[in-house]
Structures are given as structure tokens and as C-alpha cells.
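Trainee: Read top to bottom, the protein sequences are chains A and B. If you read the first sequence in this note's numbering, its first letter stands for residue 1167, the second for the next number, and so on. If you read the second sequence in this note's numbering, its first letter stands for residue 71, the second for the next number, and so on. For glycine and all other residues, C-beta sits at the position ideal for the given N, C-alpha and C. Pasting a structure below so you can have a look.
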Amino acid sequence: MNQPSENTSSKSSQPANQGNWLIVLGVVALAALPLVFVQGEYGGADGEAEEAITEIQPDYEPWFGAVFEPHSGEVESLLFVSQAAIGAGVIGYVVGLYRGRRERLPSS
Amino acid sequence: MHQRFRWFSLVAMAGLSLYLVIGTAQPAQAMHIMEGFLPMGWAIFWWVVALPFFIVGVRSLTRITREKPELKLLLALAGAFSFVLSALKIPSVTGSSSHPTGTGLGTVLFGPSVMTVLGSLVLVFQAVLLAHGGLTTLGANVFSMAIVGPWVAFGVYRLFASGGKQKFGIFLAAALGNLMTYIVTSIQLALAFPSASGGFMAAFAKFAGIFALTQIPLAISEGLLTLLVWNWLQSYATDELQILKSLRPEA
């Protein structure tokens, strides 16, 4: 597994790809298992931060409001999804480009 | 070999069960500090602390893009990775959700200074458009997610890469960078809101204690995802990684 990064030709790309499936499985499992086994509300953590602060200092008033508040939970989730989608698009583009470029080169 | 695997799965099961039992305690408070939720003095303080790092980062970023324009694509990848990961609110064992930071990959590729800039951009986007985090608390959030996280990741990566365990180093760098980000966040909160009875330490224990467990599986996820992209790069972008290696000494 710990080959130095230089000799990545056909040799190490095969085991790396196999490992990638395990990695994806691991990430999915880490996200899914708590949902199955642990009862909880799965709310965002920001709100709970506010609660913890007001618990310690009940008289604290936030002195500055958000510049822009999404109008509803749906709008907010749309914005979050856009963020993820844009990022995922860029990653897919770059990795795909690198891969295509590599496969066009004859055996390098 | 077979025997060892059985032992391993046994230990894994025991560990996971223990973790699930302990982890069911309370919902966590992690993520970034909300808008307005730092007293003005602290907000300004963290802005002032973060600014020099940001300027150094911009310099190193412009130098890289000027000297090696062919790396721009890889830079976009590092930024996009952080962009995606910090949008993913992943459920965790404590029954609440939090998100990874995604700063490990860019740190391993370009070094911590560059990642300070990319991470700050992500935070600005989230503060302005998503009402997540905030502008007044931006300095503090940049310090935790885009400065301390990357520098910790950088140190961890260097430690293991020099010992030949590069992949494990990348995994651990991303995971620990993530964890440290949230530890720093709770230090910042505890500094600004020391508890009336126990002072700073009591408040820190409160803030950190709640979310440490939430963040552990996310840190592992972040380490794994970073490794995934790294595997791709190693298979398909060998040229770029070579160029980065030649940049390393001065970065």
C-alpha cells in the first residue's frame, strides 16, 4: 500500500481502485449507522450552540444579525445543495479531465 | 491472517458498540460560530489574528498561480473539495448533524497557507449566502477552520510522510485537522463565555465535551474522502503531483 507516489502506473492503480470502493462504503456506513441505531432529532448544531451560550450567559444578546437569512428551510437546503453540486461538478470535471488526459497518452 | 481479521472485527464491534452507547448522550453544538455570537471584542481580536495568515496565504497563492499556471486546475479541485465537504451535514452518533471541513486535501497538496485562503472563501460564501457562520465571527471561524485545521493537518502529514506512511498520513492529517477545528471553536467559545462557576475550563469542557463525540465519525469520514480523492490524483495526475513536489521546499 505504501508505495512512494512516483511509481503509479498500471501497477498501483489497480489496488487503489479496489480500496476506493471500501472507502466509499465506509463513509456511507459512518453516516447511515447512527441514523439506524441512535434516536435523535438530527437538527443542525448551530441552534444548539446558541442554547449552550444562553445557558452560560442568559443575558447575552447577539449584537449583529445575519446579512441574509434564507426565507425558509427549503430555500436554505437549496443553497446548500447548490454549494455541494457546484463543488462536486468541479471535482468531477478536474478528475475526469486528468483521467482522460492520462488515458490518451500511450503507456506513460 | 484469518485469525487476525476476526480479532480485528471483534475489537471493531466492541469499540463501535461502546461508542454508540456513550455517544447517545446529548446533541452537539459544533460547526461554526453563529453571526453575532461573539462579543465585539473577541470578534475583532480573531479578525486581527486571522488577517496576517490570510495575507501570507494570498501571497503564496499568487506565487503558485504565476509560477505554475498549470496547477490552477488542481487548486480549483482543492477549493471545490472543501466546498463540497462543508456543505455536507452528516448525521452523527450523538443524534445531531455536523459537517466536515475539507481542508486536509488542499493542505497536503499546496500547504496550509494556500488552504487558509480557500477555506476563508468557503466561509464567506456560507456566511453571506447561507446564514451559516457569520461575518462578525468570520475571523474566529477562519482561525479555527482555515488556519489551525490546515496547520495541524500539515504537521501530521509531514510527520508520517517522512516516515514513509504517506496514505495513512493523509488520512490522519485530514481527520485530525477536522477535529482540531472544532476543538479550537470550543476554545474560542469558552474564552468568550467562561462559565460563571468554573471559569474557562468548565466552559471549555462543556463546549468541547458535547461535540467531541459528534465530530469523531465525521473526522474519519473526512479522512477517508480525502484519501479517495488522493487515490484518484495519484492514478491520474502524476505530472501535477511532481510539479508540487518541486514546489515543496519553499512552501
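1) Compute the distance between the beta-carbons of B:L259 and B:I114, then report whether it is under 8 Å.
2) Please report the straight-line C-alpha distance between B:R74 and B:M83, rounded to a whole angstrom.
3) If the cut-off is 8 Å on Cβ atoms, which residues from the segment 160 to 186 of chain B count as contacting chain A, listed in chain order?
4) Report the rounded CA-to-CA distance for A:S1243 versus B:G189, giving the unit in angstroms.
5) Step through the CB atoms of chain A and report whether any lies within less than 8 Å of the CB of B:F224.
6) At which residues does the alpha helix (DSSP H) containing B:S130 begin and terminate?
7) Can you list, in chain order, the residues of its chain whose CB lies under 8 Å from that of A:F1203, leaving out five sequence neighbours each side?
8) Between B:W221, B:A148, B:S183 and B:K235, which lies nearest to B:P122 when the distance is taken from Cα to Cα?
9) With a 10 Å radius around its C-beta and 16 neighbouring C-beta atoms as the bar for buried, classify B:S256 as buried or exposed.
10) For A:E1269, count neighbouring C-beta atoms within 10 Å of its own C-beta (all shown protein chains included) and say buried if the count is 16 or more, exposed if not.
11) Roughly how many angstroms lie between the CA atoms of B:G111 and B:F270, to the nearest whole one?
12) Among the candidates B:N301, B:F263 and B:V212, whose CA atom is the shortest distance from the CA of B:T173?
13) Got a sec, what are the start and stop residues for the alpha helix (DSSP H) B:F241 sits in?
14) So what does DSSP say about B:S183, is it helix, strand or coil?
15) Do B:L288 and B:S168 count as a contact pair if the criterion is CB distance below 8 Å?
16) Name the residues in the segment 202 to 218 of chain B whose C-beta lies less than 8 Å from a C-beta of chain A; which are they?
17) Taking contact to mean 3 or more Cβ pairs, one atom from each stretch, closer than 8 Å, check whether the segment 232 to 242 of chain B and the segment 138 to 154 of chain B are in contact.
18) Taking the straight line between their C-alpha atoms, what separation do you get for A:M1167 and A:T1220?
19) Measure from the C-beta of B:P220 to each C-beta in chain A and report whether the shortest distance is under 8 Å.
20) Just the C-alpha distance for B:L298 and A:L1245, rounded to the nearest angstrom, thanks.
21) Identify which residue in B:L179, B:F107 and B:I134 has its Cα closest to the Cα of A:W1229.
22) Return yes when the Cβ of B:S162 is within less than 8 Å of the Cβ of B:T251, no when it is not.
23) Check whether the segment 201 to 212 of chain B and the segment 1252 to 1262 of chain A are in contact - that is, three or more C-beta pairs closer than 8 Å.
24) What residues in the segment 1185 to 1196 of chain A have a beta carbon less than 8 Å from any beta carbon of chain B?
25) Around the C-beta of B:P139, are 16 or more other C-beta atoms found within 10 angstroms, so that it is buried, or is it exposed?
26) I need the DSSP call for B:I160, collapsed to helix, strand or coil.
27) Should B:A150 go down as buried or exposed, given a rule of 16 or more other Cβ atoms within 10 Å for buried?
28) Counting only C-beta atoms, is A:E1242 closer than 8 Å to chain B at any point?
29) May I ask you to list, following chain order, the residues of the segment 289 to 303 of chain B that have a beta carbon less than 8 Å from some beta carbon of chain A?
30) Give a yes or no on whether the C-beta atoms belonging to B:W300 and B:I253 are separated by under 8 Å.
31) B:L314: which of B:L158, B:L193, B:G181 and B:F153 sits nearest, CA to CA?
32) For B:Y306, return the contacting residues in chain A, with the cut-off set at a CB-CB distance below 8 Å.
33) Can a CB atom of chain B be found closer than 8 Å to the CB of A:V1256?
34) For A:G1239, would you say it is in contact with chain B, using Cβ-to-Cβ distances shorter than 8 Å as the test?
35) Note down the Cα distance separating B:P97 from B:R136, rounded to an integer number of angstroms.
36) Which of the three DSSP states is assigned to A:V1194 in this structure?
Mentor: Taking the coordinates as given:
1) Counted from its first residue, the second sequence places residue 259 of chain B at position 189. Counted from its first residue, the second sequence places residue 114 of chain B at position 44. It is not a contact, given that the beta carbons lie outside the stated cut-off.
2) Residue 74 of chain B sits at position 4 when you count from the first residue of the second sequence. Residue 83 of chain B sits at position 13 when you count from the first residue of the second sequence. C-alpha separation (whole angstroms): 14 Å.
3) I160, P161, S162, V163, T164, G165, S166, S167 and S168
4) As a working note, residue 1243 of chain A is residue 77 in the first sequence. As a working note, residue 189 of chain B is residue 119 in the second sequence. Going by the C-alpha atoms only, they are around 21 Å apart.
5) For the purposes of this step, residue 224 of chain B is identified with residue 154 of the second sequence, where counting begins at 1. Output row for B:F224: interface = no.
6) In the second sequence, the residue the question calls residue 130 of chain B occupies position 60. Here the alpha helix (DSSP H) through B:S130 covers M110 to E137.
7) Residue 1203 of chain A sits at position 37 when you count from the first residue of the first sequence. Within the same chain, A:F1203 has no close Cβ partners at all.
8) Translated into the one-based positions of the second sequence, residue 122 of chain B becomes position 52. When only C-alpha atoms are compared, the closest one is B:S183.
9) On the second sequence, residue 256 of chain B is found 186 positions in, with the first residue counted as 1. Classification for B:S256: buried.
10) Here residue 1269 of chain A is taken as the residue at index 103 of the first sequence, counted from 1. Exposed, since its Cβ has fewer than 16 Cβ neighbours within 10 Å.
11) Taking the second sequence and counting its residues from 1, the one referred to as residue 111 of chain B is at position 41. Taking the second sequence and counting its residues from 1, the one referred to as residue 270 of chain B is at position 200. In a straight line, the C-alpha of B:G111 is about 17 Å away from that of B:F270.
12) Taking the second sequence and counting its residues from 1, the one referred to as residue 173 of chain B is at position 103. It is B:V212.
13) By 1-based counting over the second sequence, the position of residue 241 of chain B is 171. Where B:F241 is concerned, the enclosing alpha helix (DSSP H) stretches over Q236 to A262.
14) Residue mapping note: residue 183 of chain B aligns to position 113 of the second sequence, counting from 1. B:S183: helix per DSSP, three-state reduction.
15) One-based indexing of the second sequence puts residue 168 of chain B at position 98. One-based indexing of the second sequence puts residue 288 of chain B at position 218. In contact: B:S168 and B:L288 (Cβ atoms closer than 8 Å).
16) Against chain A - using a Cβ distance shorter than 8 Å - the residues of the segment 202 to 218 of chain B are H202, G204, L205 and T206.
17) The answer is no - the segment 138 to 154 of chain B does not touch the segment 232 to 242 of chain B, with fewer than three Cβ pairs under 8 Å.
18) Position 1 of the first sequence, counting from 1, holds the residue named residue 1167 of chain A. Position 54 of the first sequence, counting from 1, holds the residue named residue 1220 of chain A. Because A:M1167 carries a pLDDT of 44, less than 50, the predicted location of this residue cannot be relied on, and the following value inherits that uncertainty. Going from the Cα of A:M1167 to the Cα of A:T1220 covers about 49 Å.
19) Translated into positions along the second sequence, residue 220 of chain B becomes position 150. So no, B:P220 is outside the interface.
20) To locate residue 298 of chain B, count along the second sequence from 1; it is residue 228. To locate residue 1245 of chain A, count along the first sequence from 1; it is residue 79. Their backbone Cα atoms lie some 26 Å apart in a straight line.
21) Sequence index remark: in the first sequence, residue 1229 of chain A carries index 63 (1-based). The shortest C-alpha separation from A:W1229 is found at B:F107.
22) Stepping through the second sequence from its first residue, residue 251 of chain B is reached at position 181. Stepping through the second sequence from its first residue, residue 162 of chain B is reached at position 92. Between B:T251 and B:S162, the CB-CB gap reaches or exceeds 8 Å.
23) no
24) G1185, N1186, I1189, V1190, G1192, V1193 and L1196
25) Start at 1 with the first residue of the second sequence, and residue 139 of chain B comes out as number 69. Classification of B:P139: exposed, given that the 10 Å Cβ count is below 16.
26) Counting from 1 along the second sequence, the entry for residue 160 of chain B is found at position 90. Note: B:I160 maps to strand in three-state DSSP.
27) As a first step, residue 150 of chain B must be located in the second sequence, where it is residue number 80. Under this definition B:A150 is a buried residue.
28) Translated into the one-based positions of the first sequence, residue 1242 of chain A becomes position 76. A:E1242 counts as touching chain B.
29) I290, S291, L294, L295, L297, L298, V299, N301, W302 and L303
30) Within the second sequence, the letter at position 230 stands for residue 300 of chain B. Within the second sequence, the letter at position 183 stands for residue 253 of chain B. No; because the gap between Cβ atoms is not below 8 Å, this pair is not in contact.
31) Taking the second sequence and counting its residues from 1, the one referred to as residue 314 of chain B is at position 244. Taking only the C-alpha atoms, the option nearest B:L314 is B:G181.
32) Stepping through the second sequence from its first residue, residue 306 of chain B is reached at position 236. What B:Y306 touches in chain A: V1261, Y1264, R1265, R1267 and R1268.
33) As a working mapping, residue 1256 of chain A is identified with position 90 in the first sequence. With 8 Å as the cut-off, A:V1256 counts as an interface residue toward chain B.
34) Residue mapping note: residue 1239 of chain A aligns to position 73 of the first sequence, counting from 1. Taking Cβ atoms only, chain B never reaches closer than 8 Å to A:G1239, which makes this a no.
35) Reading the second sequence from its first residue, position 27 is the one you call residue 97 of chain B. Reading the second sequence from its first residue, position 66 is the one you call residue 136 of chain B. Its pLDDT being 34, under 50, B:P97 is placed unreliably in this model, and the coordinates cannot settle the point.
36) For the purposes of this step, residue 1194 of chain A is identified with residue 28 of the first sequence, where counting begins at 1. Correct three-state label for A:V1194: helix.
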